[in-house]
Amino acid sequence: MDRQSFEILNFFINNDALTLRELQSHFSVSRVTITKNIRAINDYLVGIAKINVNQAKFYLVINNYSAMAKLQTNFLKKDLDFNDPSKRQATILKELLQQITDYVILDDLAESLAVSRGTINKDLKALKQQLDYYQVRIETKTNRGIHLAVEHDYMYAVITRTLVGKYYELEATWDKATDVKLLNLVKKLDHNNDTVTMIKRNIAVINWLRKYNIQINDRINNYHPLLSDVTMASLRNLVTEIIGSSLSTSEWEFISYPLNIRKLPKDDNQLVQVGLVEVEDLMQSVFPILKQKLDVNLDFKRLLMELRYHLLFLINRAIFDVKSEGFISVDMLSKYPVSTELAQLTLSTIATKLNIRIRSQEVGYLTVYFQMELEEYMAAPIIHRVALVEPINTSMKKFISEKLKEMLDDDLQIDVFNSISEWEQSPEKYLLIFSNSFLTDNELINHAPIIRLNSIFIKERYVNVFKFRWLMKLLIRGSVDLMSRSLMNRRPTSLE
Numbered sequence: 002m003d004r005q006s007f008e009i010l011n012f013f014i015n016n017d018a019l020t021l022r023e024l025q026s027h028f029s030v031s032r033v034t035i036t037k038n039i040r041a042i043n044d045y046l047v048g049i050a051k052i053n054v055n056q057a058k059f060y061l062v063i064n065n066y067s068a069m070a071k072l073q074t075n076f077l078k079k080d081l082d083f084n085d086p087s088k089r090q091a092t093i094l095k096e097l098l099q100q101i102t103d104y105v106i107l108d109d110l111a112e113s114l115a116v117s118r119g120t121i122n123k124d125l126k127a128l129k130q131q132l133d134y135y136q137v138r139i140e141t142k143t144n145r146g147i148h149l150a151v152e153h154d155y156m157y158a159v160i161t162r163t164l165v166g167k168y169y170e171l172e173a174t175w176d177k178a179t180d181v182k183l184l185n186l187v188k189k190l191d192h193n194n195d196t197v198t199m200i201k202r203n204i205a206v207i208n209w210l211r212k213y214n215i216q217i218n219d220r221i222n223n224y225h226p227l228l229s230d231v232t233m234a235s236l237r238n239l240v241t242e243i244i245g246s247s248l249s250t251s252e253w254e255f256i257s258y259p260l261n262i263r264k265l266p267k268d269d270n271q272l273v274q275v276g277l278v279e280v281e282d283l284m285q286s287v288f289p290i291l292k293q294k295l296d297v298n299l300d301f302k303r304l305l306m307e308l309r310y311h312l313l314f315l316i317n318r319a320i321f322d323v324k325s326e327g328f329i330s331v332d333m334l335s336k337y338p339v340s341t342e343l344a345q346l347t348l349s350t351i352a353t354k355l356n357i358r359i360r361s362q363e364v365g366y367l368t369v370y371f372q373m374e375l376e377e378y379m380a381a382p383i384i385h386r387v388a389l390v391e392p393i394n395t396s397m398k399k400f401i402s403e404k405l406k407e408m409l410d411d412d413l414q415i416d417v418f419n420s421i422s423e424w425e426q427s428p429e430k431y432l433l434i435f436s437n438s439f440l441t442d443n444e445l446i447n448h449a450p451i452i453r454l455n456s457i458f459i460k461e462r463y464v465n466v467f468k469f470r471w472l473m474k475l476l477i478r479g480s481v482d483l484m485s486r487s488l489m490n491r492r493p494t495s496l497e
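And the structure:
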């Protein structure tokens with residue numbers, strides 16, 4: 002039995018019946034992983050105990066208590082040798098947090114973990130890679146040792162919850178009456194059992210950090226609380242009593258974030274609107290990047306109205322590294338390469354602009370939104386737009402318009418611009434551009450061929466009409482084909 006399976010077994014021993022969601026939330030792993038571990042535990046415990054399921058709740062039935070006690074003792078004895086690299090790395094991080102104001106000596110770590118200095122160095126290398134995601138560094142000072150440095154101090158709470166809490170119990174203790182009161186107050190705001198479990202865990206994390214003089218004070222940028230202070234007052238007062246002293250704003254935001262990562266009936270409309278406005282402002286700078294990447298006229302205004310609530314909660318989740326279920330498989334994503342690429346680019350751009358990290362599991366939801374919008378776009382009738390940019394005389398305009406409309410019937414829209422500057426302000430995409438002026442340094446010309454009128458009209462005499470129509474058909478066919486390839490032959494890019 003591996004370490005994670007043992008942790009799950011131990012969790013069953015210390016708790017009553019548990020739902021799959023409660024297990025998933027506590028261990029921060031997928032449903033598939035939890036189910037796999039339960040199956041492995043049952044195979045290992047044959048004749049000793051078994052995890053059963055009844056009405057969507059799992060519970061442990063022990064048949065041989067002495068054998069179970071022996072199993073626990075043997076596993077813990079083995080575990081004290083720190084043969085598991087992940088356990089050692091969590092222990093190193095725990096030690097660094099406990100001595101946050103001082104330096105930790107590598108030789109002392111090696112001695113306490115009963116491993117070599119070389120093993121410690123390997124573990125530090127792996128731990129540094131994990132912490133890099135959270136913008137947390139392990140710094141070394143000659144003759145002093147190592148210590149933690151963070152960009153934002155709320156990350157102390159995030160890494161304690163995610164990395165240390167995976168191997169060590171950080172549970173804060175309170176009496177039964179307080180527990181019932183806490184449960185009732187949370188349930189008034191959110192009926193989801195996961196929310197209760199997450200808030201209890203977050204209280205334990207803050208309480209544990211306080212023991213080692215770590216308090217979160219920095220402002221948490223881009224985070225949006227969505228429940229008013231009045232609505233949260235009773236819960237905050239109770240949590241303050243449990244902790245034993247007043248909470249900073251950032252500590253409270255960490256503890257209560259499970260109430261701000263999904264839509265709740267008691268959300269404050271004014272706070273929600275403030276968050277949505279910031280999301281809309283953000284996306285106004287993201288959409289132009291998407292347009293550059295994929296040359297299509299999606300209805301970004303409509304897309305934003307569909308996406309804005311999802312993005313608001315997504316950003317709140319990302320700030321505290323709350324993992325969402327990736328409900329769309331990699332195989333499914335591969336069927337929608339254009340939508341997947343747009344979703345990945347959106348997330349990477351948001352992450353860069355807000356200086357946060359976003360898990361790749363979030364790609365699936367956005368892919369669905371983009372795919373629906375792309376299908377709307379592809380279902381709409383195609384209107385070919387042609388630009389005529391001055392100087393063009395009236396007879397030329399008339400001739401070109403008539404011949405193009407003959408070829409494209411009602412699918413043609415001809416836009417006439419009186420100057421280059423007027424044309425440059427147009428947001429439209431053009432199939433062809435007619436002009437005798439030199440058009441340079443404009444992004445629009447990268448997506449449409451420019452036809453010099455002097456190449457068609459010589460000394461104000463029209464060239465053969467047949468030749469003109471043949472030329473136009475070639476240009477149009479090539480342009481349409483080019484636009485089609487740019488839309489359909491996309492491949493998804495990687496998301497960090």
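Be aware that the sequence shown starts at 2, since it is given in my numbering, and climbs by one per residue. Cβ coordinates follow ideal geometry from the N, Cα and C atoms, glycine included.
Cβ-based neighbour list, residue i, same chain, cut-off 6 Å, excluding 5 preceding and 5 following
i	result
Leu10	Ile42
Ile147	Val105, Ile139 and Thr141
Glu461	Its pLDDT being 42, under 50, Glu461 is placed unreliably in this model, and the value from its coordinates should be taken loosely. Correct list: empty, nothing qualifies.
Ala173	Ile204, Ala205 and Asn208
Bounding residues of the alpha helix (DSSP H) (the contiguous stretch that carries residue i)
i	result
Asp282	Asn270 to Lys294
Pro86	Pro86 to Gln99
Thr250	Thr250 to Ser257
Phe301	Phe301 to Ile320
Leu228	It is not in any alpha helix (DSSP H) - Leu228 carries neither H nor E in the DSSP assignment.
Leu183	Lys177 to Leu190
Thr120	Arg118 to Asp133
Tyr157	Tyr155 to Ile160
Val197	Asn194 to Lys212
Ser504	Within the shown structure, residues of the chain are numbered from 2 to 497, placing residue 504 beyond reach of any answer.
Closest by C-alpha distance to residue i, when choosing among the options
i	options	result
Gln136	Lys123, Thr120, Arg118 and Tyr157	Tyr157
Lys292	Asn64, Asp103, Thr250 and Glu342	Glu342
Asp154	Asn84, Glu425, Val187 and Asn218	Asn218
Arg358	Ser67, Asn223 and Val273	Asn223
Leu312	Leu375, Asn15, Asp416 and Tyr366	Tyr366
Val275	Leu236, Lys302, Ser247 and Leu228	Leu228
Asn84	Asn55, Ile121 and Lys37	Ile121
Gln131	Gln90, Thr143 and Glu279	Gln90
Ala50	Ile35, Lys71 and Arg145	Lys71
Tyr213	Phe301, Thr102, Asp133 and Asn193	Thr102
For residue i: DSSP bridge partner residues
i	result
Phe28	According to DSSP, Phe28 bridges with nothing at all.
Val62	Lys51
Asp416	Ala388
Ile139	Leu149
Val105	Ile147
Thr350	Thr350 is not bridged to any residue.
Ile434	Ala388 and Ile451
Thr20	Lys58
Buried/exposed call for residue i, threshold 16 Cβ in 10 Å
i	result
Asp268	buried
Glu152	exposed
Pro431	Looking at the sequence itself, residue 431 is Tyr, so the reference to Pro does not match. It is buried - the Cβ of Tyr431 has at least 16 other Cβ atoms within 10 Å.
Val231	exposed
Glu252	buried
Gln372	buried
Tyr258	buried
Phe7	buried
Met306	exposed
Glu374	buried
Thr353	exposed
Ser117	exposed
Tyr176	The residue asked about is misnamed: residue 176 is Asp in this sequence, not Tyr. Exposed.
Gln271	exposed
Met233	buried
Thr250	exposed
Ala150	exposed
Met379	exposed
Cβ neighbours of residue i in the same chain (closer than 8 Å, five flanking residues each side left out)
i	result
Glu242	Thr179
Ser29	Thr163, Lys167 and Lys324
Phe59	Phe13, Ala18, Leu19, Thr20, Leu21, Leu24, Ile39, Ile52 and Asn53
Asp108	Arg118
Lys126	none
Residues near residue i in its chain [Cβ-Cβ closer than 7 Å; skip 5 each side]
i	result
Ile256	Ile200, Asn203, Ile204, Ile207 and Val240
Asp3	none
Asn317	Tyr224, His225, Tyr258, Asn261 and Ile262
Ser308	First, the amino acid is wrong: residue 308 is Leu here, not Ser. Counting only Cβ-Cβ distances below 7 Å, and skipping sequence neighbours, we find Tyr370.
Trp424	Ala388, Val390 and Phe418
Val187	Thr196, Val197, Ile200 and Leu236
Ile254	The residue you asked about is not Ile; residue 254 is Glu in the sequence shown. Ile221, Tyr224 and Pro226, listed in sequence order.
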